[in-house]
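Novice:
Protein chains: 2
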Amino acid sequence: MTTADRIAALRDLMKQHGVAAYYVPSADPHQSEYLPECWKRRAWLSGFTGSAGELVVGRRQAGLWTDGRYFLQAEQQLAGSGIDLMRLGLADSISLTDWLAARLKPGEAVGVDPSVISVGVAANLEQKLAEHEVKVTYLPENLVDRIWPDRPEPSLAPIELHAATVAGETAKAKLMRVRMEMREHNCQAHVIGALDAVAWLLNIRSRDILFTPVAIAYVVLTDRGCSLYVDPRKVSKALGKTLGDMVKVRRYDEFDADLADLAERRPRVWLDPATTNRRVLDLLAYCPHHLAPSPITALRAVKNPVQIEGIAAAHVRDGVAMVKFLRWLEDAVPTGGVTELSAAAKLTACRAEAPEYQDDSFETISGYAANGAIIHYGPTPESNANLRPRGLYLIDSGGQYPDGTTDITRTLALGPPTKRQKECFTRVLMGMLDCSRIPFPAGTTGRRIEMSARRHLWEAGLEYNHGTGHGVGQYLGVHEGPHSLKDLDTPPLREGNLMSIEPGYYEPGQFGIRIENLAIVTVDDEHSTEDRTWLRFHTVTLCPIDVNLVEPAFMTKDQVKQLNAYHKRVYQELSPHLDAKHRTWLRKATSAI
Amino acid sequence: MTTADRIAALRDLMKQHGVAAYYVPSADPHQSEYLPECWKRRAWLSGFTGSAGELVVGRRQAGLWTDGRYFLQAEQQLAGSGIDLMRLGLADSISLTDWLAARLKPGEAVGVDPSVISVGVAANLEQKLAEHEVKVTYLPENLVDRIWPDRPEPSLAPIELHAATVAGETAKAKLMRVRMEMREHNCQAHVIGALDAVAWLLNIRSRDILFTPVAIAYVVLTDRGCSLYVDPRKVSKALGKTLGDMVKVRRYDEFDADLADLAERRPRVWLDPATTNRRVLDLLAYCPHHLAPSPITALRAVKNPVQIEGIAAAHVRDGVAMVKFLRWLEDAVPTGGVTELSAAAKLTACRAEAPEYQDDSFETISGYAANGAIIHYGPTPESNANLRPRGLYLIDSGGQYPDGTTDITRTLALGPPTKRQKECFTRVLMGMLDCSRIPFPAGTTGRRIEMSARRHLWEAGLEYNHGTGHGVGQYLGVHEGPHSLKDLDTPPLREGNLMSIEPGYYEPGQFGIRIENLAIVTVDDEHSTEDRTWLRFHTVTLCPIDVNLVEPAFMTKDQVKQLNAYHKRVYQELSPHLDAKHRTWLRKATSAI
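Each protein sequence line maps, in turn, to chains B and W. Residues 1 to 593, numbered by our numbering, are exactly what the first sequence covers, in order. Residues 1 to 593, numbered by our numbering, are exactly what the second sequence covers, in order.
(1) From what residue to what residue does the alpha helix (DSSP H) around Cys424 of chain B run?
(2) Output needed for Pro634 of chain B: all residues of its chain with C-beta closer than 7 Å, excluding positions within five of it in sequence on either side, in chain order.
(3) Comparing C-alpha positions only, which one of B:Gly461, B:Gln421, B:Tyr506 and B:Pro402 sits nearest to His166 of chain B?
(4) Could you pull the start and end residues of the alpha helix (DSSP H) that Ile296 of chain W belongs to?
(5) On a Cα-Cα basis, can you pick out the residue from W:Pro158, W:Val220, W:Asp253 and W:Ser294 that is closest to Gly240 of chain W?
(6) My output table needs one value for Lys486 of chain W: the three-state DSSP class, helix, strand or coil.
(7) Would Tyr286 of chain W pass as a contact of Arg266 of chain W if the rule is Cβ separation under 8 Å?
(8) What residues in the stretch 425 to 453 of chain B bring their beta carbon closer than 9 Å to a beta carbon of chain W?
(9) So which residues of chain W does Glu526 of chain B contact, with C-beta pairs closer than 8 Å?
(10) Once you ignore the five residues that flank Lys172 of chain W on each side, which residues in its own chain have a CB closer than 8 Å to its CB?
(11) Assign His456 of chain W to one of three DSSP states: helix, strand, or coil.
(12) Run through chain W and tell me which residues come within less than 7 Å of Asp487 of chain B, C-beta to C-beta.
(13) Since Asn465 of chain B is in the beta strand (DSSP E), which residue starts that stretch and which ends it?
(14) Around the Cβ of His17 of chain W, are there at least 16 other Cβ atoms within 10 angstroms (buried) or fewer (exposed)?
(15) Using beta carbons (cut-off 8 Å, strictly below), is Arg455 of chain B in contact with chain W?
(16) Could you pull the start and end residues of the alpha helix (DSSP H) that Ala596 of chain W belongs to?
(17) For Gly512 of chain B versus Leu433 of chain B, is the C-beta spacing smaller than 8 Å?
(18) Out of W:His567, W:Pro106 and W:Ile192, which has the shortest C-alpha to C-alpha gap to Arg278 of chain W?
(19) Going by DSSP, what residue range makes up the alpha helix (DSSP H) through Lys248 of chain W?
(20) Are the beta-carbon atoms belonging to Pro154 of chain B and Asp208 of chain B less than 8 Å from one another?
(21) Taking buried to mean at least 16 other C-beta atoms within 10 Å of its own C-beta, is Pro355 of chain W buried or exposed?
(22) Cβ of Leu613 of chain B within 8 Å of Cβ of Thr170 of chain B?
(23) Roughly how many angstroms separate the alpha carbons of Val478 of chain W and Ile520 of chain W, rounded to a whole number?
(24) Please report how far the alpha carbon of Thr297 of chain W lies from the alpha carbon of Val214 of chain W, in whole angstroms.
(25) Does the distance from the C-beta atom of Arg103 of chain B to that of Gly58 of chain B stay below 8 Å?
(26) In this structure, does DSSP put Glu324 of chain W in helix, strand or coil?
(27) Going by DSSP, what residue range makes up the alpha helix (DSSP H) through Ser46 of chain W?
(28) Looking at the structure shown, is Phe554 of chain B part of a helix, part of a strand, or coil, going by DSSP?
(29) Under 7 Å Cβ to Cβ from Arg6 of chain W, same chain only, skipping five residues before and after it: list those, please.
(30) Within a Cβ cutoff of 7 Å, which residues of the same chain sit near His582 of chain B, ignoring the five residues on either side of it in sequence?
(31) Tell me whether Asn548 of chain B sits in a helix, a strand or coil according to DSSP, three-state version.
(32) List, in order along the chain, the chain B residues whose C-beta lies closer than 7 Å to that of Thr556 of chain W?
(33) Of the choices W:Thr556, W:Val428 and W:Gly68, whose alpha-carbon is the least far from that of His466 of chain W?
(34) Is the Cβ-Cβ distance between Leu535 of chain W and Asp524 of chain W less than 8 Å?
(35) When we look at the beta-carbon of Gly471 of chain W and count the other beta-carbons within 10 Å, is it buried (16 or more) or exposed?
(36) Drop a sphere of 10 angstroms on the beta-carbon of Asp145 of chain B, count the other beta-carbons inside from all chains shown, and report buried for 16 or more, exposed for fewer.
This is how it looks when you write it as structure tokens:
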């Protein structure tokens, strides 16, 4: 069955359902960042396998919208499919809604499965198309599923408990806190669609999705009860017992009927528009809604002392893996045969040496030379470059451990760096150091702090086109809200927030630089007074930074001191876990500049 | 008549009008920052003379809300009045609406004069109080006016033309540009309430308000006509001729009737919710509205080359006055008899030596020692401190010249400074220098850039509770939008924006430090490429910074170089306009550190 056959089959179904177009976003009923195989409908239908892409099939034309990271890949994978590649972010880009508006007549409709579109995105789509008198028709049955014969089954990986000794809080306590928030907003029910919210709330983990240890599930939390909707084959007897009276386990396919029952009581329902699908809103159409970010997002973002201890332990383990990898790389590159893909695999193997290792936390970005300048580059067999003893190499990776999720980027000089590379690297480093060091008054938002990571680049007319940092989960998503270090309207940083700090610089066609550590927001005892609480970052990532790329002449004395102190700490904390040869390597790599 | 008597008289009127509270904002029908005497109702009623403050009189209690700049002053002025000082911006601050909600019963009403409340503030107030079932009643007659026996008459100062040779653009051209914006938003009328918008649009100036050279007036601009509503006694025959057919001069009190006529044609009307009073909205109730910032705000904020030349000339003149003042102060303080008030008067006299001088641009903040820590301190005969040859002295002042408005703050050591004072001053200076120097990509908002002015203070756990900068007019308001250097959602900085850069630090009861220069946003030719335009500030304020307070050990080499280069420029640009003794003084004051 070619892509063209699939599209043709879909068009037949479109005709039957009376829609002039069909919209296939890259999303599942839980608005997950990484999709389980069974819901990779856009990839199956279009042949394009990138992580970001939206497909619209019209009566005669079809378009796939994706961003700069995927232009090349999409071009190749869409060749001959009859699907036009719609490049986002260019001056002459046409938006999906404009494309639809130009092709559909007033009164015609675009069909979409309401379970794969969030409440927020749906409202936006409806509004934009309404301006052109084009309708959105929600078709209960997913049309792609009808024509996808061998669609994979959802995973049956068992659900495991995330022990309270690691989570620092029982599910019972969490349920109580979320219910308090519900009462405060006069809500009697909260439907939770985001898989990482379900996992955090009930202290459960599974392996239904790559990289993020979650189970495919919904939770419906009311003032009196809590129901978990999952495939019951994933729930062992022991787990069922542990969840006990607190959580009723229901079949995943009972969710719709139960929501309909719930709706009859007309509770005021809290729905997070970003993570609740449109179908849920339909099922609760006659209930009053509180549309706001789930209270779980802000509660989860504040890590408790037990979590912080676990996160620190995970980072020692991760640092040991990084040291093993970096030492190996130093030896392996000159002898030849190392590629972007083999280096990434080696790093995963180094992590896997730790018995606690569960998975990588995202697809490793392993970019040599010009590939390093592609911000979200993931090597493919076609692009896979050989690492040679010259130029820069950027590796951005992370691990999942039961006590913590890691995310680290290092940029390495594989040979003698140029003056330009050293200046750029040092300016990125200075921003990283400043941002990691600076105290800030409680109430400060990430958008203000992140400037301190950019300013040394700005001084030289250099800039990077991505945010400076994101929240990170504990043995959960590597991207977690609500806080960020981005030029976005996110809430102030709070004590216990775990963040990435990752400035960069990219010279297209030449090299990419990024340095990323994770850090926890802590109270700055030195500066806090009765009148004002000061906060600052405590870095948890432990791994040397390549001093061959550092030009100390650019740096202030304080920055040099800070780098040396960091390296001293890296040595002190990692060396007890290393054998003699790695200790020797690390001592050299962390010696003062 | 004591404050208590006035409040009692108001409470009688409140009873007659059936309102449980009366709201007296610090505002006039034009939402002016500085109020004409006839509209200083809050000051007359409460006794508190600060520029920012809102009064609510309830049946038994009354509250005055003001911010940190005025806590001390308000405490003193409200003592014994029976009015509670409500401190804004503290952790336990109670908002005006919460205060009302706690004191009024459901169904009760708070009264307000709709002409002194903007459309935006009114909507907000109504909505917030509605949550508590408290109503807002708009009383056409201002209750304060009823009990204020000797309320001053509005000014009859003549209106003067602001020559196009200084403005760089004729009123005709401006009208065309504003009408283009109106057409773009499908508006057939624009009611302009802000006095500085009227002044900019028609190139007119007057003296109806202290410090800001504007006339009390409205403009109603339609696609076909333009009416200026003023007291006709302010319009000379010559001026009437110049305005000619382009602008119809109407009596100020014809405004209401004319709006009612306009409303009958049902045009779509552009109203700026921040500067249009609620009464206008009532008069146009049946017209479709376009509620958005007036197009004038953004147009006016971009200074043209003619204006930039004028602004530079005004700053040379202002710098000469500052040099004369500073040299005088150095001699006068040790001999005794100089007070905060006499020093401020001396500075005004120095400015007035220039034939172009028109007025100060705001009330001089002249604060010695502990008074300097009161952010918006204005000396009064009671608080007036003697300047002695020790401690710090802060003076924040500005002049109005036909070609430019100035705003400058300097902090001076009147005797040997302490180590602490030097550290604090140097950190403020480093922020000022960094913020003035750093290039930033086009599209950057002020909220991001201003961090560069704070970071050296933050490093030492120090902070200032005010924004870092505001827009400035040309022979107009010393505060002008829409851009700012504040932690607010203001639009990106654009080439031609004139800004203040004014970080500070205040040690309560001890001293205050602020250093303020004005600067124009210019294209950074060194860093701009085809792909990205870089901007940076070009400083226009020319006046030495007290190097006795500088501790170079804190500074980077670049910062020292920048300070020395600035001082060199100050000497070069001012010395041709100084006599020998002032030249000698300036050479010393600007010598390299």
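Note that the Cβ used here is the ideal one computed from N, Cα and C, for glycine as well. Every value quoted in this text rests on a predicted model; they were computed, and no experiment measured them.
Specialist: According to the structure data:
(1) Per DSSP, Cys424 of chain B belongs to the alpha helix (DSSP H) from Lys419 to Arg437.
(2) Residue 634 of chain B cannot be examined here, being either before or after the span of chain B that is shown, 1 to 593.
(3) His is not the amino acid found at residue 166 of chain B; the sequence shown has Val there. Cα-wise, what sits closest to Val166 of chain B is B:Pro402.
(4) Pro295 to Ala301
(5) W:Pro158
(6) coil
(7) Yes, these two residues count as a Cβ contact at 8 Å.
(8) Asp434, Arg437, Ile438, Pro439, Phe440, Pro441, Thr444, Thr445, Arg447, Arg448, Ile449, Glu450, Met451 and Ser452
(9) Against chain W, the beta carbon of Glu526 of chain B has neighbours under 8 Å at Gly461, listed in chain order.
(10) Met246
(11) helix
(12) Arg448
(13) Taken as a continuous stretch (DSSP letters only), Asn465 of chain B belongs to no beta strand (DSSP E), as it is neither H nor E.
(14) The residue in question, His17 of chain W, is exposed, as its Cβ has fewer than 16 Cβ neighbours within 10 Å.
(15) yes
(16) Because chain W is modelled from 1 through 593, residue 596 of chain W falls outside the range shown and cannot be assessed.
(17) no
(18) W:Ile192
(19) Per DSSP, Lys248 of chain W belongs to no alpha helix (DSSP H); it is in the beta strand (DSSP E), Lys248 to Arg251.
(20) Yes, these two residues count as a Cβ contact at 8 Å.
(21) exposed
(22) As displayed, chain B neither begins before 1 nor continues past 593, which places residue 613 of chain B out of reach and without an answer.
(23) 14 Å
(24) 16 Å
(25) yes
(26) The sequence shown places Lys at residue 324 of chain W, rather than the Glu named in the question. If DSSP states are grouped into helix, strand and coil, Lys324 of chain W belongs with the helices.
(27) For Ser46 of chain W, the enclosing alpha helix (DSSP H) has its first and last residue at Arg41 to Ser46.
(28) helix
(29) Within the same chain, Arg6 of chain W has close Cβ partners Leu45 and Ile147.
(30) Val323, Lys324 and Arg327
(31) helix
(32) Thr556
(33) W:Gly68
(34) yes
(35) Buried, by the Cβ-count rule.
(36) With fewer than 16 other Cβ atoms within 10 Å, it is exposed.
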